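Data first, discussion second: the structure below is written as structure tokens.
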Amino acid sequence: MGATAMGAASGAKAGADYQAAEYNQKLAEQNVDILESQAESERIAGSQEAQKKTI
600 MGATAMGAAS
610 GAKAGADYQA
620 AEYNQKLAEQ
630 NVDILESQAE
640 SERIAGSQEA
650 QKKTI
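In our numbering, the protein residues as written are 600 to 654.
Written out as structure tokens, the structure is:
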């Protein structure tokens with residue numbers, strides 16, 4: 600493989616790696632949103648349970 604072809608292949612791999620990293624970042628952000636939403640739901644449910652016990 601010539602130097603130009605190796606450079607092109609290296610550049611293509613770097614681009615694919617960057618896209619994969621961007622995709623993984625988006626998934627991680629979605630997971631954080633889901634976890635925050637679940638935590639909020641559990642906090643609300645816990646608060647409602649506490650209110651039932653005090654009434």
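No residue lacks a Cβ here, since even glycine has one placed at the ideal position from N, Cα and C. Quick caveat, the model's predicted, so the values are computed rather than measured.
Original post:
In angstroms, rounded to a whole number, what distance separates the CA positions of GLU628 and ILE643?
Top reply: 23 Å
Subject >> Close Cβ partners of GLU621 (< 7 Å) along its chain, the five nearest in sequence each way excluded >> reply: none
Original post:
Between the C-alpha atoms of GLU639 and LYS625, what's the straight-line distance to the nearest angstrom?
Top reply: 21 Å
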